[in-house]
Every structure is written in structure tokens, then in C-alpha cells.
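Student: Below you will find the structure I want to go over with you.
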Amino acid sequence: MPPPRSTAARVAAPQEGCFALGRPGGETSVRDAGGKRRNREGGAALLLAMLTVTLVATLASAALWQQWRARVVETAERQRVQAGWILTGALDWARLILREDARGNQNSGNADHLGEPWAMPLEEARLSTFLAADKDNNADDILPAFLSGEVRDQQSRLNFLNLVRRSGSGAQAAAEVSVPDLEAFTRLYQLLNLPQPELDAAVEALRLTLQLGAQDPQPSPTALPPSKLAHLAWLGISRASLAAMEPHVTLLPERTPVNLNTASAEVLSASIADLNLADAQRLVTDRERDPWRQLSDVARTQPAIASRLQNDRHDVRSRYFEVRGRLRLDDAVIEERSLVVRNALQTRVVWRERFTSR
Numbered sequence: 003m004p005p006p007r008s009t010a011a012r013v014a015a016p017q018e019g020c021f022a023l024g025r026p027g028g029e030t031s032v033r034d035a036g037g038k039r040r041n042r043e044g045g046a047a048l049l050l051a052m053l054t055v056t057l058v059a060t061l062a063s064a065a066l067w068q069q070w071r072a073r074v075v076e077t078a079e080r081q082r083v084q085a086g087w088i089l090t091g092a093l094d095w096a097r098l099i100l101r102e103d104a105r106g107n108q109n110s111g112n113a114d115h116l117g118e119p120w121a122m123p124l125e126e127a128r129l130s131t132f133l134a135a136d137k138d139n140n141a142d143d144i145l146p147a148f149l150s151g152e153v154r155d156q157q158s159r160l161n162f163l164n165l166v167r168r169s170g171s172g173a174q175a176a177a178e179v180s181v182p183d184l185e186a187f188t189r190l191y192q193l194l195n196l197p198q199p200e201l202d203a204a205v206e207a208l209r210l211t212l213q214l215g216a217q218d219p220q221p222s223p224t225a226l227p228p229s230k231l232a233h234l235a236w237l238g239i240s241r242a243s244l245a246a247m248e249p250h251v252t253l254l255p256e257r258t259p260v261n262l263n264t265a266s267a268e269v270l271s272a273s274i275a276d277l278n279l280a281d282a283q284r285l286v287t288d289r290e291r292d293p294w295r296q297l298s299d300v301a302r303t304q305p306a307i308a309s310r311l312q313n314d315r316h317d318v319r320s321r322y323f324e325v326r327g328r329l330r331l332d333d334a335v336i337e338e339r340s341l342v343v344r345n346a347l348q349t350r351v352v353w354r355e356r357f358t359s360r
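Counting in the numbering used here, the sequence shown runs from 3 upward without gaps.
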């Protein structure tokens with residue numbers, strides 16, 4: 003018979019049994035912790051891979067965008083340069099026509115009228131039709147470009163700067179309103195139903211501007227002297243009035259007479275005192291059949307207005323012309339306007355402006 007165990011032995015036995023029974027559970031907990039660690043490591047690797055792919059895709063997209071943008075900029079710059087050369091060529095072509103017209107007028111004594119080659123507008127035509135197509139130059143591969151243009155006689159209009167006469171220089175400089183020219187502009191304003199106070203205020207502002215500009219070198223509160231028709235807004239001319247005046251008024255750097263061969267009926271009626279619009283329209287019809295070669299021809303064929311013609315305000319020849327070119331290139335339209343002055347056989351560009359529309 004075995005000896006009886008002590009109380010300590012009886013207490014230790016159950017603890018040993020419990021420990022043995024708990025080992026399998028302890029081993030399972032260790033395995034579960036290791037699996038969780040492996041899952042976390044796998045998730046981190048997947049996230050890192052996704053971030054890497056995203057970064058690479060972003061960099062690739064940025065590179066493609068930069069390449070596309072560079073190509074667009076290069077195309078636009080190429081079109082701009084090509085358009086500039088084409089419009090410059092069109093301007094040179096117009097200057098050549100004006101010079102040859104001056105040469106013909108010198109030889110024949112003809113005047114400037116609307117039946118001459120310079121007055122014929124160039125309708126829109128495709129540039130590729132003027133290019134020779136060969137095996138190395140296929141017109142079908144050329145970017146579609148269409149050119150049109152015209153030459154307008156600026157002396158067929160009333161010159162706004164004629165309204166003020168300047169004399170003297172320095173402290174002796176003076177600027178005075180030209181009464182005959184103011185009367186002509188007043189008649190034009192009445193024909194166009196424009197407000198007369200607007201004209202009076204603009205004329206006074208122009209006189210003051212030119213007066214101070216000639217006498218006082220210091221900055222003044224007056225507007226800058228206008229050089230283009232749109233600049234008349236500086237003198238208080240409204241946008242609506244400018245739009246109505248545009249076909250009949252111009253701004254030239256010196257006093258100029260009206261060319262009776264090219265002026266509209268409204269300008270004829272305004273520049274010749276007591277000539278109503280109906281009689282002016284008859285003058286336009288008469289000159290289309292037989293343009294006047296000298297101012298004396300106008301007085302001879304139109305005796306009713308002979309006494310109202312003045313050599314310093316009327317003529318049958320012109321020196322100032324506006325050359326307009328319009329290039330339609332792909333989906334962009336580029337326009338250019340140039341003021342050209344002709345002295346004998348010399349043609350000089352006074353100013354050029356270019357703008358783009360779509």
C-alpha cells in the first residue's frame with residue numbers, strides 16, 4: 003500500500019495536470035500570432051506595389067502630357083510663323099500693286115478710282131492651289147490655308163485730324179478748330195443720326211490735346227493724340243458712334259483731301275456743302291461710268307457743285323491706303339491691317355496690327 007501523499011503533493015499534482023492540458027492551447031496561440039504577422043507583411047507588400055504602380059502611372063502620364071503640350075506649342079508656333087510670312091507676303095504684294103498703279107498714273111495721267119486693280123478684293127482662295135504639285139510636294143499633305151484680302155482707299159473718308167489746324171512750334175504753337183471741316187463732320191453726324199454734343203466735345207478735347215502737346219512738355223491731364231480710329235474713344239466718342247462712323251471716317255497723320263472718285267455718297271454729301279444725299283448718289287453713278295481724271299473735270303461735268311470744290315479739301319488722287327489680309331489656317335483666323343502711304347513710287351508702312359479670332 004503506497005504511503006499517503008502530503009497536502010503539497012496533492013496540490014502540485016493538479017497543477018501539473020493542468021499544465022499538461024494547457025500546452026496544446028498555448029501552441030495554437032503562437033501559431034495564430036505568426037500567421038497574423040505574415041498577413042500584415044503581405045498586406046504591406048501589396049500596398050507598396052500599388053503605390054509603386056500609381057507613381058509610375060503618374061510619371062508616365064506627366065511625361066505624355068508634357069510631350070503633347072510641347073507638340074501643341076510647336077504646332078501653334080509653326081502656324082504663327084507661317085501665317086506671319088504669308089501675311090507679310092500679301093502686304094508686299096499689295097505694295098507692289100500700289101507702286102505699279104502710281105507708275106501707270108504718272109505715265110497716263112490717270113487718277114485713283116474704284117475700277118483699278120488695287121481696288122479689286124481678293125476673294126478667299128486656298129493657298130495650295132498656287133503651289134506646284136510634284137512627287138516631292140503633294141498639295142494634299144499641306145495644312146489647309148485660305149487667304150483673302152483687300153486694299154481700301156483711306157482718302158475716301160473724312161480725316162478726323164483735319165478738324166484741328168496746327169501752326170507754329172514751341173511756345174508759339176497754336177491749335178485751332180477748322181470751321182469748314184467741322185461743318186463737314188456736322189453734316190456727316192446728321193446723316194448718321196449721331197449726337198452733335200459728342201462731336202463738339204471730342205473736337206475740343208482734340209484741340210486741347212494737340213495744343214498742350216506742342217507747347218507743354220510736362221504731363222497733362224488730356225488724352226494722348228489718337229493715331230487710329232479706335233483711339234477716338236479717348237476723346238469721348240462712344241462705341242456705337244465709332245461703329246457708325248467707321249465706313250466714313252479715318253485718322254491719318256497729316257491733313258488729307260477727300261478723293262471724289264472713291265468716296266461714298268455719305269462722304270460726298272458731307273464734304274461738299276449743300277449737296278444732298280440723292281445728288282451725291284448720282285455723282286457716284288456718274289463717276290462709275292467715267293472716273294474724273296482731274297479736279298477740273300468734276301467742275302466741268304458737275305457745274306452745280308463747281309463753286310463748292312476746294313483744292314485743299316477735294317482731290318481725285320490718293321496717297322494713303324489700308325491693306326487688309328485674312329488668313330484662315332486650320333480652325334484659327336488671323337487678320338492683319340496695315341496703313342500704307344504712297345509717295346511717288348515709294349510705298350511705306352505707317353503701322354501694322356495683327357489679331358486672331360476663331
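Heads up, the beta-carbon is just placed ideally off N, CA and C, and yes, glycines get one too.
Indicate the three-state DSSP secondary structure (helix, strand or coil) for residue 274 in the structure shown.
Tutor: coil
Student: Does DSSP put residue 345 in a helix, in a strand, or in coil?
Tutor: strand
Student: Going straight from the alpha carbon of residue 129 to that of residue 334, what length do you get?
Tutor: 15 Å
Student: Let me confirm a value: residue 344 is counted as buried when at least 16 other C-beta atoms fall within 10 Å, else exposed. Which label applies?
Tutor: A residue is called buried once 16 or more other Cβ atoms fall within 10 Å of its Cβ, and residue 344 is buried on that count.
Student: In three-state DSSP terms, what is residue 258?
Tutor: Looking at residue 258 - three-state DSSP - the assignment turns out to be coil, as it is neither helix nor strand.
Student: Just how far apart, CA to CA, sit residue 174 and residue 83?
Tutor: 49 Å
Student: Would you be able to state if there are at least three C-beta pairs under 8 Å between the segment 178–188 and the segment 336–343?
Tutor: no
Student: Can you round the beta-carbon distance between residue 224 and residue 214 to whole angstroms, since I take them to be within the 8 Å contact cut?
Tutor: 6 Å
Student: Can you tell me whether residue 109 is buried or exposed, with buried defined as 16 or more other CB within 10 angstroms of its CB?
Tutor: exposed
Student: Specify, as a first and last residue, the run of the beta strand (DSSP E) that residue 148 falls within.
Tutor: 147–155
Student: CA-CA distance, residue 66 and residue 60?
Tutor: 10 Å
Student: Please classify residue 160: does DSSP put it in a helix, a strand, or coil?
Tutor: Strand, per DSSP.
Student: Taking buried to mean at least 16 other C-beta atoms within 10 Å of its own C-beta, is residue 234 buried or exposed?
Tutor: buried
Student: With DSSP as the reference, label residue 336 as helix, strand or coil.
Tutor: strand
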